[in-house]
Amino acid sequence: MLDLTDKKVIEIEETANTIREDIIQMLLAAGSGHSAGPLDMADIFAAFYFHILNHDPKNPEWADRDRLILSAGHICPVRYAAMARAGYFPVEELKTLRKFGSRLQGHPERMHLPGLETTSGPLGEGIAQAAGMAYAARMDGKSWRTYCVMGDGEQDCGIVWETLLFAGAYKLSNLTVVIDRNNIQIDGPTEKVMPLESLKAKYESFNWRVIEVGGHNIRQFVEAIEEAKATEDRPTCIIAHTIAGKGVDFMEYKFEWHGITPNAEQAEKALNELRTLGGKIESE
Amino acid sequence: MSDTTKLDISGKVQAPTRVGFGEGLAIAGRNDPNVVALCADLTESTKMSGFKKEFPDRFIQMGIYEQALVSISAGLSLAGKIPFLTSYAMFSPGRSWEQVRTACLSKTNIKIVGSHAGVSVGPDGATHQAIEDMAITRCIPDLVVINPCDSIEARKATVAMAKIVGNCYLRLAREKTPVMTNDDTPFAVGEALITRDGKDVAIIACGPLLYQSMMAAEELAKEGIQCRVVNNHTIKPMDQTTVLAAAKDCGAVVTVEEHQIAGGMGSAVAELLAQNNPVPMEFVGVHDKFGQSGEPNELLEFYGMGVKDIVKAVKAVLKRK
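Those sequence lines, one after another, are chains A and B. Everything in the first sequence is counted per the working numbering, starting at 1 for the first residue and increasing by one. Everything in the second sequence is counted per the working numbering, starting at 1001 for the first residue and increasing by one.
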C-alpha cells in the first residue's frame, strides 16, 4: 500500500499546505482556539489521511478501518481540515468550528462527527483509549492498526505513563503513538515548564520502540510508520520533531501562539505567506 | 405487594454484595463473549477471580492505575467489548472521575464496579471509605448508578448491566450483609421495589441498609406506625413513579443510604419531590463527616445509620406531616 513516489510526496506536501490555509481561516472565523500545534501537524495529518490510513471517508464506521485517535484534542482544527479535504464532510463546514450547533466542537467529540473515533481533549485520555482499542483488536485477531497523535506537553500527565506501562507490558505492537515534539506548551518551552528529556529513553524503558523523525519530512515519517508496522514485539512511539506554528513565519517557534488565534490582519499575512512561500514547506 | 417481594429479614444468611457481583460477572461472561474484565490489582478482593478462572483470555490485569483503567476500558468498548472494570470505589470512580465523565460524553459502554464503598469497610479507615461516590456519578449525564441491597441483587444487577448498552456504575460493599432477596425477587434496573407497605411514612433506602430500614419498620409497627419501605436500588435513572407514589400515599419520606447526605440518593429523591410534591423529609446517612477505623456496625451506629437512627428519623418526620 505504502509505495511512496516522489510525486506522491509532493502531493501530500501540497495538501498539507492547503490544510494550513484552512486552519488559519478556521481559527480566524472561530476567534478562539490553538494555532501552533495544528499548523505544525499539518504534514503528518496529510500523510495519515492521504497515504497511511486504511480508511473510507464515505463509510467512517467501516469495521476494519485503521483507528486514528487525537489525544491532544486541542489541535483538532488540523484533523477537521484533513478530514474535510479527504472527503469526510464538506470543506465549507470547516468555518463552523467552535460555533453553536457545529459538528466541529472545540475539542473532538465522536458523537458529533463520524470518523473521530473518540472524544478527547482532557489530556492523556486519548492514548489510553487507543491502547484499549489496540488490545481489543488483538483479542479479536483483527489486522487494523491504532494510531494515536499526542502533544509533548501532554506527556506530563500521569495517565500517559499508566498507559505506557500497560502497552509496554502487553506488547501492543499494533499501537503506534506519534508525539508532536514542538517543544512548547501553554506556559512556555516544555523543558522549562516540566522537562521531558530524555523522552526517548523514558519510552524505551517502558518497553516501547522509539523512532525519531523530522515532523515535516513526509518520507521519513512514512518510513517510520512502516517500521512500526514491521515491529512485532513492542508498541512504537514516533517522536516527530516539529516547528511550532510551521509555515507562518511570525508564529514559528513561539509558545505564545500555542493557545491563541490570529486576528484578521495576522490571518491575511499568514495566508499570504502560505500561498506565496509554499516552497518553504518542502521536506527538510 | 406480591409474595415475591417479601424479604427474608431473619439475617440468618449473610454474604457481601461483591460476592454476588463475582457470580453475576461469570454469568454475564457466559451470556456474551464480548464481556471482558479488567482489574486494578484487586482480583480476589473485588471477586473477579471466578471470571478470571473461567475466562482467562478475557481477563486483563491492570496494575494499580485507575485513570487508564477507565480510559482503556472506554477504548475496548469502542472496539466492541463490554468491559467490567473493578477497583475500590474510592479509586474508581473516585480517582478516575474525569475519565468516567469523558467516557459518558463519548457514549461508551463500560461497567464501573466500585467495591468497598461506605463506612462499613471498617478498619481500613476514612481513606478507603467511599461515601461520596454516588454523588460524583449520579451528576454525570446518562450514567446508570446502582446500589444493590444484597448479594443476590448484586448478581442480578451485574447480569442486567451487561445487557444495557451504556455506561453504568455498580456500588458494592466489602462486608457480609443479610441476604434478603431470593432468586425469584423481581429486579429490573430503574424499577424500585416496595418491600413493605404502609401509609404513615415512606422509608426509601438503597444498598444493604435496606435491612436496617426493614428492621426499623418492624419496630415502628409495634408502636402503631406503619411504614412503606422502598428498595430504591437504582439511583439513576430513578424510578420516579414509585418514589412519587410513596410520597403521595405516605405524605412524609425518610431516605436511608450509606453515603454523604450531600449529593446522594436522598438528595436525588429530594430533587424529585421538591419539583413535584414537596413533603417533609429526613435524611439518614453521613452528615458531612469523614469516616474512621472501627467495626462496621460500630461505625454505622456512630455516623447515625443504625436502626435506632432510622426510627428516630421516622418519628421526626411524622411530627412534620
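In this text, a Cβ means the ideal position worked out from N, Cα and C, and glycines have one as well. Here the structure is a predicted model, which means the values were calculated and not measured.
Against chain B, with Cβ distances strictly below 9 Å, would residue i count as a contact?
i      : result
A/S35  : no
A/S205 : no
A/Y49  : no
A/I159 : yes
A/A131 : yes
A/E226 : no
A/M1   : Note on A/M1: pLDDT 49, under 50, position unreliable in the model; the coordinate value appears next. Taking Cβ atoms only, chain B never reaches closer than 9 Å to A/M1, which makes this a no.
A/E282 : The pLDDT assigned to A/E282 is 49, lower than 50, so where the model puts this residue is not dependable; a value taken from the coordinates is nonetheless given after this. Chain B contact via Cβ: absent.
A/Y135 : yes
A/G279 : Unreliable positioning characterises A/G279 in this predicted model, as indicated by a pLDDT of 49, which lies under 50. The coordinate reading is nonetheless provided below. A/G279 does not count as touching chain B.
A/E125 : yes
A/D64  : no
A/A128 : yes
A/M139 : yes
A/A82  : no
A/R103 : no
A/R145 : no
A/A169 : yes
A/R67  : yes
On the DSSP letters alone, give me the boundaries of the beta strand (DSSP E) that residue i sits inside.
i       : result
A/C237  : T236 to H241
B/L1193 : L1193 to R1196
B/K1111 : K1111 to S1115
B/C1104 : Where B/C1104 is concerned, there is no enclosing beta strand (DSSP E), although the alpha helix (DSSP H) it sits in stretches over W1097 to L1105.
A/K8    : Not the beta strand (DSSP E): A/K8 falls in the alpha helix (DSSP H), residues D6 to A30.
B/C1168 : C1168 to R1171
A/G158  : A/G158 -> not in any beta strand (DSSP E); alpha helix (DSSP H) instead, spanning G158 to A169.
B/E1282 : M1281 to V1286
Using a Cβ-Cβ cut-off of 9 Å, state whether residue i counts as contacting chain A.
i       : result
B/I1072 : yes
B/K1081 : yes
B/M1305 : no
B/T1102 : yes
B/S1077 : yes
B/R1058 : yes
B/V1036 : yes
Along the chain, where does the alpha helix (DSSP H) containing residue i start, and where does it finish?
i       : result
A/R138  : E125 to M139
A/Q266  : A264 to T276
A/A82   : C76 to A86
A/G214  : No alpha helix (DSSP H) contains A/G214, which is instead part of the beta strand (DSSP E) from R209 to G214.
B/T1242 : Q1240 to C1250
Closer than 8 Å by beta-carbon distance: list the chain A residues that pair up with residue i, in chain order.
i       : result
B/M1062 : F166
Measure the CB-CB distance between residue i and residue j and report whether it falls below 9 Å.
i       : j       : result
B/H1233 : B/N1147 : yes
B/Q1212 : B/G1118 : no
A/I243  : A/G215  : yes
B/G1207 : B/R1171 : yes
A/C148  : A/L28   : no
A/T286  : A/A30   : Summary: the structure shown does not reach residue 286 of chain A, with chain A confined to residues 1 through 284, and so no result is reported for it.
B/A1274 : B/A1135 : no
A/R145  : A/N174  : yes
A/I159  : B/S1071 : yes
A/A136  : B/L1076 : yes
A/A130  : A/T118  : yes
B/A1221 : B/V1256 : no
Give the residues of chain A in contact with residue i, contact being defined as C-beta atoms less than 7 Å apart.
i       : result
B/K1107 : M111
B/E1098 : P122
Using a Cβ-Cβ distance under 9 Å, would residue i count as near chain E?
i       : result
B/Q1292 : Given the protein chain composition of this structure (A and B), no chain E is represented.
For residue i, return the contacting residues in chain A, with the cut-off set at a CB-CB distance below 9 Å.
i       : result
B/Y1211 : Ordered by position in chain A, no residue passes the 9 Å Cβ test against B/Y1211, which lies about 38 Å from the chain.
Show which residues of chain B have a CB atom less than 7 Å away from the CB atom of residue i.
i      : result
A/E162 : Y1065, Q1067 and A1068
A/A86  : Simply none; closest approach about 21 Å.
Which residues in chain B sit within 9 Å of residue i, going by Cβ to Cβ distance?
i      : result
A/T344 : Not covered by the structure: residue 344 of chain A. The range shown for chain A is 1 to 284.
A/T261 : The premise fails here: A/T261 is roughly 24 Å from chain B at the closest Cβ pair, so nothing lies under 9 Å.
For residue i, go through chain B and note every residue whose CB falls closer than 8 Å to its CB, in chain order.
i      : result
A/E117 : L1078
(message) Using 8 Å as the cut-off, can you tell me whether the region 1302-1316 of chain B makes contact with the region 1284-1293 of chain B, which would need three or more C-beta pairs spanning the two stretches below that distance?
(response) The region 1302-1316 of chain B vs the region 1284-1293 of chain B: in contact.
(message) With three or more beta-carbon pairs closer than 8 Å as the criterion, would you say the region 70-83 of chain A touches the region 34-49 of chain A?
(response) Flag = yes, the region 70-83 of chain A and the region 34-49 of chain A touch.
(message) With three or more C-beta pairs closer than 8 Å as the rule, is the region 1239-1251 of chain B touching the region 1187-1200 of chain B?
(response) yes
(message) Tell me whether the region 1222-1242 of chain B and the region 1093-1104 of chain B touch, counting them as touching only if at least three CB pairs, one residue from each stretch, are closer than 8 Å.
(response) In short, these stretches do not touch, since the Cβ pair count stays below three.
(message) So, does the region 86-103 of chain A touch the region 1042-1061 of chain B, judging by three or more C-beta pairs under 8 Å?
(response) no
(request) Spell out a yes or no on whether the region 1003-1017 of chain B and the region 1171-1183 of chain B are touching, meaning 3 or more CB-CB pairs, one atom from each, closer than 8 Å. (result) Taking 8 Å as the limit for Cβ pairs, the verdict is that the region 1171-1183 of chain B does touch the region 1003-1017 of chain B.
(request) Decide yes or no for the touch test of the region 229-238 of chain A against the region 257-275 of chain A: beta carbon pairs closer than 8 Å, at least 3 of them. (result) Taking 8 Å as the limit for Cβ pairs, the verdict is that the region 257-275 of chain A does not touch the region 229-238 of chain A.
(message) So, does the region 1147-1165 of chain B touch the region 1011-1022 of chain B, judging by three or more C-beta pairs under 8 Å?
(response) Yes, they touch.
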